[in-house]
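Residue numbers (our numbering): 35 to 253.
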């Protein structure tokens, strides 16, 4: 609990520094149809839904749209204050069964916001590695379920293997690109263009736990 709470609260603090009235209405390319303010509304709503146990249809378009729509008429400052209060009033949320999803969702959206406002900082945070590995557990499960060959992911100084058995292919990328790929923030063509050894099509569709993006995302 303490680890998740610390990661979440630190990321929340970073986001609240990044957003302001000058960028609140900027569109967020990785979240089509949403502005920076909408992303903050979603993050606030997700935490509140976890707190209230409103998890029916969790992660569906309807679930997330309701979080944004219910805060549409409120100011960014008001939404941010609600989010801060919730996170520091209900620590039990960090004991939730799916708290890993809550934390990685925030890290993903932090960088969605950074991309929208042209901020390229913080790309070497340990949180990025933590989130990427969290998503890779889903990739590993998918490859095993589909009886696909294992894949080696050469990510900077570390070689990771997903799937069962000896890897029959390799893809090379940075921790940041891995994180953005598995969280659905890259298009299929962008991932196809990465340095691959082996037939990328075998694994490509299973690398996107969320996504892929409909068009190329350049951050």
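Note that the Cβ used here is the ideal one computed from N, Cα and C, for glycine as well. Only a predicted model underlies this, so the values are computations on that prediction, with no experimental measurement involved.
Selection from the options that minimises the alpha carbon distance to residue i
i: residue 106; options: 250, 84, 78, 94; result: 78
i: residue 189; options: 210, 173, 171, 197; result: 210
i: residue 39; options: 66, 129, 48; result: 129
i: residue 252; options: 230, 237, 223; result: 223
i: residue 192; options: 124, 208, 136; result: 208
i: residue 104; options: 126, 124, 131, 75; result: 75
i: residue 147; options: 247, 245, 53; result: 53
i: residue 155; options: 43, 51, 37, 250; result: 51
i: residue 254; options: 182, 60, 94; result: As displayed, the chain neither begins before 35 nor continues past 253, which places residue 254 out of reach and without an answer.
i: residue 276; options: 139, 62, 241; result: Only positions 35 to 253 of the chain appear in the structure, and residue 276 is not among them; the question remains open.
i: residue 229; options: 245, 212, 219, 218; result: 212
i: residue 124; options: 249, 43, 95, 112; result: 43
i: residue 249; options: 66, 163, 174; result: 66
i: residue 122; options: 36, 100, 221; result: 36
i: residue 60; options: 241, 152, 164; result: 152
Close beta carbons around residue i, own chain, < 6 Å, minus the five adjacent residues each side
i: residue 243; result: 169, 172, 216
i: residue 71; result: 58, 110
i: residue 194; result: 187
i: residue 206; result: 188, 229
i: residue 234; result: 226
7 Å CB neighbourhood of residue i in its chain, flanking five on each side removed
i: residue 232; result: 202, 203, 204
i: residue 161; result: 41, 45, 141
Burial state of residue i, where buried means 16 or more other Cβ atoms lie within 10 Å
i: residue 237; result: buried
i: residue 143; result: buried
i: residue 83; result: buried
i: residue 179; result: exposed
i: residue 93; result: exposed
i: residue 227; result: exposed
i: residue 245; result: buried
i: residue 247; result: buried
i: residue 114; result: buried
i: residue 219; result: buried
i: residue 56; result: exposed
i: residue 166; result: buried
i: residue 214; result: buried
Interface flag, residue i vs chain B, CB-CB below 8 Å
i: residue 226; result: Note that chain B does not occur in the displayed structure, where there is just one protein chain.
Anticipated Cβ contact below 8 Å, residue i with residue j, distance rounded
i: residue 184; j: residue 198; result: 6 Å
i: residue 127; j: residue 85; result: 5 Å
Same chain only: Cβ atoms within 8 Å of residue i, ignoring 5 sequence neighbours per side
i: residue 62; result: 68, 69, 70, 72, 73, 146, 147, 149, 150
i: residue 118; result: 46, 50
Any non-hydrogen atom of the ligand FMN within 7 Å of residue i CB
i: residue 140; result: This structure lacks the ligand FMN, and indeed carries no ligand of any kind.
Q: Run through the region 62-86 for me and flag every whole alpha helix (DSSP H) of 4 or more residues, listed as ranges in chain order.
A: 70-86
Q | alpha helix (DSSP H) runs wholly inside the region 130-156, at least 4 long, in chain order | A | 133-151
Q: For the region 177-249, list the beta strand (DSSP E) runs that are entirely contained and at least 3 residues long, ordered along the chain.
A: List check, beta strand (DSSP E) in window: 185-189, 192-196, 204-207.
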